[in-house]
Amino acid sequence: MLRYYFLLGVRNLRRNPILTALMVLTLAIGVAASVSTLTILHVMSGDPIPHKSQRLLAPLIDNAPSRGYVQGSKPGDNQMSYRDAINLSASKQGERRTAVYGVAGAIEAARPDLPVEGVNGLGVESSYFAMFETPFLYGNAWSETEDKSKAKVVVLNSVKSEKLFGKENPVGKHIRMINEDFQVVGVLNNWNPLPRYTHPIGSGSAISGVDEMFIPFSTAISLELQPNGNTTCQSDVQPGWQGFLDSECTWIQYWFETKTVADRGAVKDYLDAYMAEQRKLGRYQRQQPAQLFNVMQWMDYLEIVSNDTRLSVWLSFGFLLLCLVNTVGLLLAKFSVRAPEVGVRRALGATQGDIFRQFLMEAGVIGIAGGFAGLLLALGSLALIAQQSKDLAAVARMDWPMLALTMVLALIASLLAGLLPTWRACQVTPAIQLKSQ
Amino acid sequence: MMRMQNLSKVYRTHMIETHALRGFDIHVRQGEFVTVTGPSGSGKTTFLNIAGLLETFNGGEYVLDGVDVKGMSDDARSRLRNEKLGFIFQGFNLIPDLNLYDNVDVPLRYRGLSAADRDKRIKDALAQVGLGSRIKHYPAELSGGQQQRVAIARALAGSPKLLLADEPTGNLDTQMARSVMELLEEINAGGTTILMVTHDPELAVRAQRNVHIIDGQVSDLVKKMPSLFDVNSTSATVSATA
Amino acid sequence: MEIRPILSALLRSKTAPILIAAQVAISLAILANALYVVNLRQAAAARPSGVADESTIFYMSTSPLQRRSHSELLAQQQRDVEVLSAIPGVVSVSQTNQMPLSRSGSTSGWALDRKQTRSSTSASMYFTAGPFIKTLGLKLIDGRDFNIGDVVEVDDKLDDVGKKFAKGVIITKAMADFLFPGAASVVGKPILYGTGDDAAETRIIGVVERLQSTGASVKPGGEYSVIIPHRTSTPYSRIAVRTEPGQRDRAMAEAETVLRKASPVPMIVRSRTMETDRIERYRNERAMVWMLLAVCALLLMVTASGIVGMATLRVAQRKKLIGVRRALGARKRDILRYFVMENFLITSGGVVAGLLLAVALNQLLVSQLEMTKLPLNYLAYGAGALWLLGFLAVYGPAWRAAGISPAIATRSA
Numbered sequence: 071m072l073r074y075y076f077l078l079g080v081r082n083l084r085r086n087p088i089l090t091a092l093m094v095l096t097l098a099i100g101v102a103a104s105v106s107t108l109t110i111l112h113v114m115s116g117d118p119i120p121h122k123s124q125r126l127l128a129p130l131i132d133n134a135p136s137r138g139y140v141q142g143s144k145p146g147d148n149q150m151s152y153r154d155a156i157n158l159s160a161s162k163q164g165e166r167r168t169a170v171y172g173v174a175g176a177i178e179a180a181r182p183d184l185p186v187e188g189v190n191g192l193g194v195e196s197s198y199f200a201m202f203e204t205p206f207l208y209g210n211a212w213s214e215t216e217d218k219s220k221a222k223v224v225v226l227n228s229v230k231s232e233k234l235f236g237k238e239n240p241v242g243k244h245i246r247m248i249n250e251d252f253q254v255v256g257v258l259n260n261w262n263p264l265p266r267y268t269h270p271i272g273s274g275s276a277i278s279g280v281d282e283m284f285i286p287f288s289t290a291i292s293l294e295l296q297p298n299g300n301t302t303c304q305s306d307v308q309p310g311w312q313g314f315l316d317s318e319c320t321w322i323q324y325w326f327e328t329k330t331v332a333d334r335g336a337v338k339d340y341l342d343a344y345m346a347e348q349r350k351l352g353r354y355q356r357q358q359p360a361q362l363f364n365v366m367q368w369m370d371y372l373e374i375v376s377n378d379t380r381l382s383v384w385l386s387f388g389f390l391l392l393c394l395v396n397t398v399g400l401l402l403a404k405f406s407v408r409a410p411e412v413g414v415r416r417a418l419g420a421t422q423g424d425i426f427r428q429f430l431m432e433a434g435v436i437g438i439a440g441g442f443a444g445l446l447l448a449l450g451s452l453a454l455i456a457q458q459s460k461d462l463a464a465v466a467r468m469d470w471p472m473l474a475l476t477m478v479l480a481l482i483a484s485l486l487a488g489l490l491p492t493w494r495a496c497q498v499t500p501a502i503q504l505k506s507q
Numbered sequence: 010m011m012r013m014q015n016l017s018k019v020y021r022t023h024m025i026e027t028h029a030l031r032g033f034d035i036h037v038r039q040g041e042f043v044t045v046t047g048p049s050g051s052g053k054t055t056f057l058n059i060a061g062l063l064e065t066f067n068g069g070e071y072v073l074d075g076v077d078v079k080g081m082s083d084d085a086r087s088r089l090r091n092e093k094l095g096f097i098f099q100g101f102n103l104i105p106d107l108n109l110y111d112n113v114d115v116p117l118r119y120r121g122l123s124a125a126d127r128d129k130r131i132k133d134a135l136a137q138v139g140l141g142s143r144i145k146h147y148p149a150e151l152s153g154g155q156q157q158r159v160a161i162a163r164a165l166a167g168s169p170k171l172l173l174a175d176e177p178t179g180n181l182d183t184q185m186a187r188s189v190m191e192l193l194e195e196i197n198a199g200g201t202t203i204l205m206v207t208h209d210p211e212l213a214v215r216a217q218r219n220v221h222i223i224d225g226q227v228s229d230l231v232k233k234m235p236s237l238f239d240v241n242s243t244s245a246t247v248s249a250t251a
Numbered sequence: 027m028e029i030r031p032i033l034s035a036l037l038r039s040k041t042a043p044i045l046i047a048a049q050v051a052i053s054l055a056i057l058a059n060a061l062y063v064v065n066l067r068q069a070a071a072a073r074p075s076g077v078a079d080e081s082t083i084f085y086m087s088t089s090p091l092q093r094r095s096h097s098e099l100l101a102q103q104q105r106d107v108e109v110l111s112a113i114p115g116v117v118s119v120s121q122t123n124q125m126p127l128s129r130s131g132s133t134s135g136w137a138l139d140r141k142q143t144r145s146s147t148s149a150s151m152y153f154t155a156g157p158f159i160k161t162l163g164l165k166l167i168d169g170r171d172f173n174i175g176d177v178v179e180v181d182d183k184l185d186d187v188g189k190k191f192a193k194g195v196i197i198t199k200a201m202a203d204f205l206f207p208g209a210a211s212v213v214g215k216p217i218l219y220g221t222g223d224d225a226a227e228t229r230i231i232g233v234v235e236r237l238q239s240t241g242a243s244v245k246p247g248g249e250y251s252v253i254i255p256h257r258t259s260t261p262y263s264r265i266a267v268r269t270e271p272g273q274r275d276r277a278m279a280e281a282e283t284v285l286r287k288a289s290p291v292p293m294i295v296r297s298r299t300m301e302t303d304r305i306e307r308y309r310n311e312r313a314m315v316w317m318l319l320a321v322c323a324l325l326l327m328v329t330a331s332g333i334v335g336m337a338t339l340r341v342a343q344r345k346k347l348i349g350v351r352r353a354l355g356a357r358k359r360d361i362l363r364y365f366v367m368e369n370f371l372i373t374s375g376g377v378v379a380g381l382l383l384a385v386a387l388n389q390l391l392v393s394q395l396e397m398t399k400l401p402l403n404y405l406a407y408g409a410g411a412l413w414l415l416g417f418l419a420v421y422g423p424a425w426r427a428a429g430i431s432p433a434i435a436t437r438s439a
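Protein chains in written order, with our numbering: chain X, 71 to 507; chain D, 10 to 251; chain Z, 27 to 439.
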């Protein structure tokens with residue numbers, strides 16, 4: 071029977087074509103506005119590593135001075151000092167762990183007549199690649215031995231590799247970078263997680279920034295590579311590189327990976343114990359406990375999604391509501407002229423339920439049409455939005471869930487809009503309608 | 010077949026109370042062709058609406074084909090309409106967006122018959138009214154007489170026990186009216202009970218039995234019509250053919 | 027014109043008018059808030075940076091591949107400045123560590139009293155050893171510009187910056203007003219770089235009218251900047267260049283070549299115009315403005331189509347009635363007025379509800395999204411816009427209603 075109602079609904083699209091087109095268009099615009107803003111929010115706030123995000127943990131230790139500290143306020147900075155980072159790496163807590171910091175330098179071209187090229191990337195430990203499941207096009211990550219020996223090895227991203235070596239496999243080749251000889255051990259295959267969650271603070275966009283190369287953390291430290299990103303120093307710093315390393319300056323993003331979600335407690339216990347121990351050495355003047363965030367909590371804490379993005383979503387859903395009310399009016403007009411038909415159908419044996427299903431289905435058919443039109447409009451508006459900025463270009467991408475949502479949203483909106491008009495149609499009493507003819 | 014006893018119907022607004030039917034009694038037997046006549050506002054249409062389960066009543070009894078209709082839910086009355094009754098209206102009441110085939114299909118859909126069964130019934134019914142070759146046409150493409158034939162086919166397709174007709178020839182010229190009437194008689198001859206409201210004394214005479222309603226009551230139950238409402242029906246005939 | 031009969035007619039068929047009023051209300055709520063945000067963003071993007079004629083400014087950054095000593099880096103800075111000054115069309119050149127609106131730079135805390143545990147404010151730190159004020163065209167409104175004697179040489183790697191800090195700095199007026207509210211002149215007043223015992227004391231020797239920070243935040247801190255006469259070997263060294271009008275792009279292209287040529291070792295050379303920085307700084311604001319305006323336009327279109335649709339329907343339903351009224355002596359303009367008035371009543375109902383809804387929506391945005399309170403004049407503008415929209419939308423259908431012939435009254439339906 072629903073199929074019958076569906077076919078009737080499709081047939082009735084042609085009745086009052088202008089009115090129907092207006093309804094479809096109104097719904098489509100409303101849905102398109104909501105879906106395009108929601109797509110941006112969805113991609114920005116999406117889980118970049120869903121099967122693992124609960125087991126990747128970012129610790130936050132507040133080592134800022136107590137000077138000017140108000141109890142209960144947020145930690146002085148969101149990054150970690152070098153001292154804490156190497157202590158945590160030595161702790162062997164969790165399944166894997168890595169320190170991450172932004173580095174930048176230059177790669178000398180193979181031919182001296184070509185201009186020198188800047189390159190930016192990350193200093194990371196060997197476990198980084200397994201922790202964040204980076205796909206390799208060629209080669210592999212370096213090993214822990216190379217972490218220890220401060221080896222001059224590098225993993226490139228595919229874009230940089232292609233620029234330097236063309237399409238061929240560069241593993242084993244050498245590049246002259248940061249005034250040193252680095253051996254290429256691996257090339258990542260198009261790995262640009264959205265948001266760029268492994269190193270969200272600092273240089274480049276947290277949304278669309280790209281890391282072109284990865285070198286061992288220990289190597290970067292030994293080459294005295296200044297952090298490329300945010301550095302916060304709230305206490306005294308002794309001159310020189312060693313002075314910087316020994317300071318309470320914060321500039322490192324740290325990550326733990328645990329075997330199970332439940333192991334988070336163990337890491338937290340360790341951090342509390344570690345902080346207690348360090349306090350004995352006179353560190354951490356603020357009496358703040360250690361904090362631990364999983365990936366999504368961390369993105370939330372750092373407020374990666376801007377309030378403007380949320381505002382757009384809210385306002386566009388308000389707009390959808392307007393379109394919905396508008397559609398109610400149009401559907402009322404469309405259905406009210408069908409009172410005679412309802413009268414005949416009721417006389418011929420249709421129950422109120424039958425009429426309800428038929429008219430609601432008709433509203434649903436309009437919703438489906440609106441969904442398709444809305445999808446086209448949403449794709450169009452996303453294409454326009456993408457031209458606004460690099461960040462928006464990275465996030466203004468429709469995926470299957472959003473595509474499905476477009477249809478569902480249009481359908482729900484049309485059914486909601488159809489409720490009142492359909493209820494009105496059900497109230498038509500057959501006797502009166504037939505008499506008036 | 011259908012029996013009403015001491016039936017009453019009151020329309021109420023917050024100002025006026027109107028007794029459309031009171032102490033109404035009628036008994037129609039299986040296979041009968043009964044015409045209903047009466048002046049405007051006498052309660053003919055109310056009677057037909059109640060007989061057709063389109064309206065409820067306030068008091069009395071109504072048994073249709075062995076089923077006591079009193080206090081039935083709206084849904085149950087809908088089902089009963091669908092299974093036992095066929096309607097023919099003065100204004101044909103075809104659905105303009107549907108072709109002939111789909112129009113006849115409407116009551117069958119609500120009965121939940123199989124596609125093959127429906128197809129056979131629709132084609133048979135349209136063939137019976139002589140429109141078997143025009144199933145893809147839309148109502149607007151047909152003459153009034155043809156439209157009424159489609160309405161009759163629609164009523165017949167569900168093989169109703171009782172066919173209710175409200176001025177079926179009221180909107181037709183004499184010649185078309187006659188042919189529609191002949192069709193109804195043919196259907197009656199096939200065993201279907203028919204209850205027809207009409208203004209036309211000529212038609213009323215053709216039926217086996219005529220029921221006359223005045224002021225919401227059955228005033229007469231005679232086989233042959235009395236001459237006293239000649240004036241009334243003549244004027245009605247004039248206005249209908251004008 | 028009497029309102030009572032119109033009202034009672036409205037009350038008898040409520041649904042359609044309520045739907046229209048609801049649309050007007052929702053539109054008003056969104057419109058007022060969206061336009062407020064649009065205005066905030068546009069005002070933010072229109073703020074002056076303090077730099078005169080940004081279209082003639084670009085800046086270069088060079089970084090050698092080899093690690094260089096402090097003195098080598100200073101020598102290179104000197105050479106770069108000379109090379110750039112020699113380019114035809116270049117008016118003024120100054121070394122600096124950062125540029126306004128470039129979204130990359132350093133910020134530090136400043137205090138007034140050693141006993142303070144927290145800094146009074148943080149400010150954007152412009153370190154320069156060149157004619158920075160002249161090159162950027164900053165407007166000095168009090169005190170004096172730096173002279174050669176003010177400049178201090180600091181080796182970031184070896185020196186404790188606090189100990190070698192310059193004796194005089196130039197700050198922005200916004201910062202001066204914040205630190206010394208009501209002071210006639212702040213020139214000569216001491217301020218502290220950092221807090222506590224090891225804070226470095228320096229004096230204000232000049233005040234510029236305006237110099238935005240590198241982030242150009244919309245908060246007051248967006249104009250808290252300090253210019254410090256340090257010659258440093260920071261790897262973030264930049265050279266700001268002002269050209270003659272229309273000469274910028276040519277000079278910038280030339281700059282890259284001459285800098286590369288002048289360097290004995292290979293180095294990375296980057297160039298950027300201030301206009302580019304401005305565009306990128308306000309990219310998100312512009313995208314937001316654009317999006318909200320699009321939503322507002324669609325909003326008004328949908329609401330207008332709703333009003334036109336309903337008015338058309340109501341006219342069609344009352345065609346006969348209109349004919350009777352005309353037959354009874356109503357003039358065309360009485361009919362026109364009737365429908366305009368009816369629509370005005372409906373719109374007004376929507377506007378009243380919309381004002382409440384707009385305030386409620388704003389409350390929600392304030393509590394959830396850190397928005398600021400909606401000024402009342404936006405409500406007035408929004409209400410005015412919807413009244414006007416309602417009038418324009420109903421005029422067509424009402425005009426057609428007025429054109430209905432009285433003869434229709436005698437025709438049967």
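The beta carbon of each residue, even a glycine, is placed where N, CA and C say it ideally should be.
Here the structure is a predicted model, which is why all the values come from computation and not from measurement.
Taking C-alpha atoms, which residue in I99/X, Y74/X, T90/X and G79/X lies nearest to L449/X? Counting from one through the first sequence, the residue named residue 449/X turns up at place 379. Its Cα nearest to that of L449/X, the residue I99/X stands out among I99/X, Y74/X, T90/X and G79/X.
Quick check: the region 181-190 of chain D against the region 150-161 of chain D, are there 3 or more CB pairs under 8 Å? Yes, the region 181-190 of chain D is in contact with the region 150-161 of chain D.
CA-to-CA distance, T44/D to T84/D, given in whole angstroms: For the purposes of this step, residue 84/D is taken as the residue at position 75 of the second sequence. For the purposes of this step, residue 44/D is taken as the residue at position 35 of the second sequence. Strictly speaking, residue 84/D in this sequence is Asp, with Thr absent from that position. Our two residues, D84/D and T44/D, have alpha carbons roughly 29 Å apart in a direct line.
Contact check, G376/Z vs A47/Z, beta carbons under 8 Å: The residue given as residue 376/Z occupies position 350 in the third sequence. The residue given as residue 47/Z occupies position 21 in the third sequence. Closer than 8 Å, so yes.
L475/X vs V105/X beta-carbon contact at 8 Å: Residue 475/X sits at position 405 when you count from the first residue of the first sequence. Residue 105/X sits at position 35 when you count from the first residue of the first sequence. Contact flag set, yes.
On the DSSP letters alone, give me the boundaries of the beta strand (DSSP E) that D251/X sits inside. Sequence index remark: in the first sequence, residue 251/X carries index 181 (1-based). Looking at the DSSP string, the run of the beta strand (DSSP E) that includes D251/X is E250 to L258.
Kindly list the residues whose CB is nearer than 7 Å to the CB of G441/X, restricted to its own chain and excluding five residues on each side of it in sequence; keep chain order. Residue numbering aside, residue 441/X sits at position 371 when the first sequence is read from its first letter. Only residues of its own chain outside the window of five on either side were considered, and among them V101, T476, M477, A480 and L481 have a CB closer than 7 Å to the CB of G441/X, listed in chain order.
Is the CB-CB distance between L285/Z and P126/Z below 8 Å? Start at 1 with the first residue of the third sequence, and residue 285/Z comes out as number 259. Start at 1 with the first residue of the third sequence, and residue 126/Z comes out as number 100. No, the pair does not count as a contact, with Cβ atoms beyond the cut-off.
Cα separation between M468/X and L446/X? Here residue 468/X refers to the residue found at position 398 of the first sequence. Here residue 446/X refers to the residue found at position 376 of the first sequence. Roughly 11 Å between the two C-alpha positions.
Here's a check: name, in chain order, each residue in its chain whose Cβ is nearer than 6 Å to the Cβ of F227/X, leaving out the five neighbours to either side. The count along the first sequence starts at 1 and reaches residue 227/X at position 157. The amino acid occupying residue 227/X in the given sequence is Asn; Phe does not appear at that position. In chain order, L258 and E282 place their CB closer than 6 Å to the CB of N227/X, counting only its own chain and leaving out the 5 sequence neighbours on each side.
Helix, strand or coil, according to DSSP, for E327/X in the structure here? Within the first sequence, the letter at position 257 stands for residue 327/X. Secondary structure of E327/X (DSSP, three-state): strand.
Just curious, the alpha helix (DSSP H) that F365/Z is in, first and last residue? Walking along the third sequence from the start, residue 365/Z turns up at place 339. Here the alpha helix (DSSP H) through F365/Z covers K358 to L395.
Per DSSP, cross-strand counterpart(s) of E26/D: Here residue 26/D refers to the residue found at position 17 when the second sequence is read from its first residue. The partner list for E26/D (beta bridge, DSSP) reads R21/D.
Closer than 8 Å to chain Z by CB, L479/X: Within the first sequence, numbered from 1, the residue matching residue 479/X stands at position 409. By this cut-off, L479/X is not an interface position.
Suppose contacts are defined by Cβ-Cβ distances below 8 Å. Is F365/Z in contact with A427/Z by that definition? Residue 365/Z sits at position 339 when you count from the first residue of the third sequence. Residue 427/Z sits at position 401 when you count from the first residue of the third sequence. Result yes, Cβ atoms of F365/Z and A427/Z sit closer than 8 Å.
Taking only beta-carbon atoms, is Q296/X less than 8 Å away from chain C? Going by chain labels, chain C is absent from the structure shown, which instead holds the protein chains X, D and Z.
Could you check how far apart the C-beta atoms of V224/X and V254/X are, in whole angstroms? I think they sit under 8 Å. Translated into positions along the first sequence, residue 224/X becomes position 154. Translated into positions along the first sequence, residue 254/X becomes position 184. Yes, V224/X and V254/X are in contact; Cβ-Cβ is about 6 Å, under 8 Å.
Tell me which residues of the region 389-416 of chain X have at least one Cβ-Cβ distance to chain D shorter than 8 Å, keeping chain order. Listed by position along the chain: P410, E411, G413, V414, R415 and R416.
In this structure, does DSSP put I425/X in helix, strand or coil? Counting from one through the first sequence, the residue named residue 425/X turns up at place 355. In the structure shown, I425/X sits in a helix (DSSP, three-state: H, G or I).
By Cβ distance below 7 Å, which residues in the same chain neighbour Y20/D in space, the five residues on each side in sequence not counted? As a working note, residue 20/D is residue 11 in the second sequence. Correct list, in chain order: T27 and A29.
Does DSSP classify L173/D as helix, strand or coil? Within the second sequence, the letter at position 164 stands for residue 173/D. If DSSP states are grouped into helix, strand and coil, L173/D belongs with the strands.
Using the Cβ count rule (16 or more neighbours within 10 Å means buried), how would you classify T154/Z? As a working note, residue 154/Z is residue 128 in the third sequence. The residue is buried, with at least 16 neighbouring Cβ atoms inside 10 Å.
Which residues DSSP lists as bridging L16/D, in chain order: To locate residue 16/D, count along the second sequence from 1; it is residue 7. L16/D pairs with F33/D.
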